[in-house]
Amino acid sequence: MAEEVRHPFLHGLSKHRGAPPTVVVIFGASGDLTARKLIPAIYNLAHDGLLPADFHLIGFGRKAIPDAEFQQIAAAAIKEFSRREPSPEVWARLAERTLYVSGGYDEKAAFDRLGARIAGLEKDSGQPLQSLFYVSTPPSVFAPILQNLGASGLAARYAGQLNQSKVIIEKPFGKDLASAQALNRELTKVFAEAQVYRIDHYLGKETVQDLLVQRFANSIFEPLWNRNFIDHVQITVAEQVGVEARAGYYEQSGCLRDMIQNHTMQLLALTAMEPPVSMDAESVRDEKVKVLKAIQPLRLDGADCDVARAQYAEGVIGGKPVKGYLQELDVSPTSATETFAALRLSINNWRWQGVPFYLRSGKHLARRVSEIAVRFKRAPGSLFADSDRSILAANTLAFQIQPDEGLSLVLNAKIPGLETRTQPVKMNFKYATTFGSNTPEAYERLVLDAMIGDGTLFIRGDETERSWQLCSPVLAHWAAQGRTGLDSYASGAWGPKSAEALLAANGHSWREP
Ligand SMILES: NC(=O)c1ccc[n+]([C@@H]2O[C@H](COP(=O)([O-])OP(=O)(O)OC[C@H]3O[C@@H](n4cnc5c(N)ncnc54)[C@H](OP(=O)(O)O)[C@@H]3O)[C@@H](O)[C@H]2O)c1
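Okay, so the sequence shown: first residue is 3 according to our numbering, each after it adds one.
Right under this line is the structure:
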């Protein structure tokens with residue numbers, strides 16, 4: 003007779019031994035991120051038996067709603083956004099552990115009520131619960147939430163123990179160096195650094211984690227991973243969408259803050275860092291900070307300027323004509339907000355001296371794609387016919403982060419036939435083909451890691467400050483310049499001419515991902 007399969011979460015078990023009994027509290031419970039990512043992530047962790055057996059979820063928001071209504075909202079979010087069809091049994095067990103507390107983010111009494119609710123859960127379950135606070139509100143309320151977590155004593159629960167309180171804080175982490183430092187000060191007034199999990203969801207993506215495996219688990223790459231063999235690196239985070247309904251946020255942010263300072267800088271740090279002594283959080287983050295520190299200050303104007311910025315103009319996307327940025331709803335007709343930014347970075351250390359790292363990101367680009375492309379130096383072509391020398395491709399190793407996560411390597415191959423003629427060919431590995439397409443979402447991995455106390459895929463305070471140290475002068479310069487020097491590009495193109503010029507100065511050109 004077939005053995006009965008006991009679902010871990012349904013039977014009060016956990017496949018994951020590391021996560022202590024936990025209550026996750028989401029601030030901003032009625033928000034877009036909560037519905038699209040956080041609740042579905044928690045559901046899928048339950049489905050996979052990865053939550054601790056004694057797990058509770060509390061939504062916190064300003065509107066007064068009963069537990070039952072929040073459970074219905076959560077069920078609807080799971081139905082709409084979960085990567086898999088929800089199982090009624092798993093949801094029923096999670097639903098009975100899903101509660102709601104209402105109150106203002108600046109209202110200490112509301113945090114006391116939250117504390118009382120957590121204490122009640124603890125009493126019922128007869129054991130201590132770790133609290134994981136997920137701050138998923140706009141940044142304007144980050145500080146009052148942190149202050150009230152301190153004032154109510156919630157931040158200090160089980161301090162110094164494995165089940166001490168933890169806080170996940172959403173992006174944007176500051177809008178420049180000074181505000182990031184101020185936010186770090188707010189955090190460290192109430193939490194020790196080991197309790198803080200600054201999220202960049204890019205770090206939860208499979209291919210980003212695979213980058214470390216490719217680099218450090220394969221002996222063929224690491225010996226080549228330096229200035230002797232690598233010509234340059236291109237990091238692209240391209241969006242096809244425009245500003246859509248988010249002009250209110252985007253007008254204040256722009257591309258450098260929204261994408262470059264966080265996502266592309268993180269991708270650069272993982273690509274360029276030295277091998278850590280181990281894969282624990284501090285060792286990995288020490289190496290990331292070291293390489294960020296080796297990046298040279300950017301030259302902001304003149305002939306050897308290292309930065310480019312632009313706004314999208316009208317154009318065609320997916321065969322349809324689209325508006326330019328200045329014509330978008332709620333965008334000022336004189337806006338100087340950049341929808342595209344590109345940087346040319348020099349890393350002044352032993353491994354990378356002389357190897358440019360090019361970063362670009364933008365909206366209304368030709369297609370949605372994020373990738374890291376490592377371009378190796380060309381082989382001498384002298385063995386082959388004159389006509390072939392010019393077309394011998396440089397070997398390129400590209401990590402495609404989204405969509406169609408995978409890895410490709412461009413090699414030169416002989417075209418079959420009696421003549422020796424070459425052609426670049428691509429070796430492709432696709433996650434979906436090899437492992438199936440139902441891989442966990444970034445937020446599943448990150449929420450689980452925070453629950454078990456693993457900060458490897460989160461950003462440390464000094465890391466975010468170092469990244470702002472590089473980007474803040476650029477932002478200040480652009481703010482002073484206004485629209486002077488702001489380039490434009492047709493929607494549906496790969497960016498402006500000024501971004502091409504950054505590479506052309508070194509004889510390089512952007513690849514089409
Ligand atoms: N949405 C995404 O895809 C995404 C992606 C990456 C990062 N993030 C970051 O995640 C956080 C949440 O994003 P979101 O899109 O969910 O934001 P949101 O929908 O604008 O806001 C989340 C919740 O915060 C509360 N809130 C909103 N404005 C407030 C205000 N002025 N004062 C006090 N409370 C306010 C509301 O909750 P209550 O009414 O229930 O109190 C709201 O539902 C943000 O920091 C965002 O930058 C979002």
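Every residue gets a Cβ at the ideal spot worked out from N, C-alpha and C, and that includes glycine.
Output the distance between the C-alpha atoms of residue i and residue j, rounded to the nearest integer angstrom.
{"i": "Gly497", "j": "Ala240", "result": "10 Å"}
{"i": "Asp303", "j": "Gln132", "result": "51 Å"}
{"i": "Ser511", "j": "Pro405", "result": "23 Å"}
{"i": "Met3", "j": "Trp93", "result": "Residue placement at Met3 is poorly supported in this model, since its pLDDT is 42, which falls under 50; the coordinates are not used for a value here."}
{"i": "Ala507", "j": "Cys473", "result": "22 Å"}
{"i": "Asp332", "j": "Phe342", "result": "19 Å"}
{"i": "Gln74", "j": "Gln163", "result": "35 Å"}
{"i": "Arg462", "j": "Ala196", "result": "9 Å"}
{"i": "Ala271", "j": "Ile349", "result": "11 Å"}
{"i": "Val357", "j": "Pro515", "result": "20 Å"}
{"i": "Glu330", "j": "Ser490", "result": "15 Å"}
{"i": "Ala55", "j": "Pro23", "result": "7 Å"}
{"i": "Gly438", "j": "Lys65", "result": "41 Å"}
{"i": "Ile120", "j": "Ala112", "result": "12 Å"}
{"i": "Ala79", "j": "Asp34", "result": "10 Å"}
{"i": "Ala97", "j": "Ala444", "result": "23 Å"}
{"i": "Ala415", "j": "Leu399", "result": "16 Å"}
{"i": "Glu5", "j": "Glu91", "result": "Legend: pLDDT at Glu5 = 47, less than 50; position of this residue unreliable, no value from coordinates given."}
{"i": "Cys307", "j": "Phe135", "result": "43 Å"}
{"i": "Lys499", "j": "Leu328", "result": "19 Å"}
{"i": "Arg311", "j": "Gln471", "result": "18 Å"}
{"i": "Asp464", "j": "Leu294", "result": "10 Å"}
{"i": "Phe431", "j": "Leu409", "result": "5 Å"}
{"i": "Lys322", "j": "Asn228", "result": "43 Å"}
{"i": "Ala501", "j": "Val309", "result": "8 Å"}
With respect to 7 Å, is the separation between the Cβ of residue i and the closest non-hydrogen atom of ligand 1 below this value?
{"i": "Tyr102", "result": "no"}
{"i": "Arg447", "result": "no"}
{"i": "Ala76", "result": "no"}
{"i": "Asp34", "result": "yes"}
{"i": "Ala452", "result": "no"}
{"i": "Ala66", "result": "no"}
{"i": "Tyr107", "result": "yes"}
{"i": "Glu172", "result": "yes"}
{"i": "Val26", "result": "no"}
{"i": "Pro498", "result": "no"}
{"i": "Pro141", "result": "yes"}
{"i": "Arg38", "result": "yes"}
{"i": "Ala31", "result": "yes"}
{"i": "Gly250", "result": "no"}
{"i": "Ser138", "result": "yes"}
{"i": "His234", "result": "no"}
{"i": "His203", "result": "yes"}
Give a yes or no on whether the C-beta atoms belonging to residue i and residue j are separated by under 8 Å.
{"i": "Glu253", "j": "Ser334", "result": "yes"}
{"i": "Ile41", "j": "Val26", "result": "no"}
{"i": "Ile403", "j": "Val235", "result": "no"}
{"i": "Leu361", "j": "Leu385", "result": "no"}
{"i": "Glu467", "j": "Gln183", "result": "yes"}
{"i": "Lys173", "j": "Ile147", "result": "no"}
{"i": "Ala452", "j": "Lys207", "result": "no"}
{"i": "Ser285", "j": "Val279", "result": "yes"}
{"i": "Gly250", "j": "Val324", "result": "no"}
{"i": "Lys110", "j": "Ser154", "result": "yes"}
{"i": "Leu205", "j": "Phe144", "result": "no"}
{"i": "Tyr199", "j": "Gly457", "result": "yes"}
{"i": "His58", "j": "Leu116", "result": "no"}
{"i": "Val449", "j": "Leu156", "result": "no"}
{"i": "Phe29", "j": "Val137", "result": "yes"}
{"i": "Ser363", "j": "Thr266", "result": "yes"}
{"i": "Ala396", "j": "Arg380", "result": "yes"}
{"i": "Ile319", "j": "Gln242", "result": "yes"}
The beta strand (DSSP E) that contains residue i, what's its start and end?
{"i": "His58", "result": "57-63"}
{"i": "Glu316", "result": "309-319"}
{"i": "Gln425", "result": "423-432"}
{"i": "Tyr360", "result": "359-364"}
{"i": "Ser410", "result": "408-417"}
{"i": "His234", "result": "232-240"}
Any beta carbon from chain D within less than 8 Å of residue i's own beta carbon?
{"i": "Ala506", "result": "Absent from the structure is chain D; it holds one protein chain and no more."}
Would you mind reading off the limits of the alpha helix (DSSP H) that contains residue i?
{"i": "Thr209", "result": "208-219"}
{"i": "Gln263", "result": "Per DSSP, Gln263 belongs to no alpha helix (DSSP H) and is neither H nor E."}
{"i": "Pro90", "result": "90-97"}
{"i": "Ala296", "result": "Neither: Ala296 is in no alpha helix (DSSP H) and is coded neither H nor E."}
Touching by the beta-carbon criterion (3+ pairs, under 8 Å), the segment 196-216 and the segment 299-313 = no
Do the segment 226-234 and the segment 426-434 touch if we need at least three Cβ pairs shorter than 8 Å?
-> no
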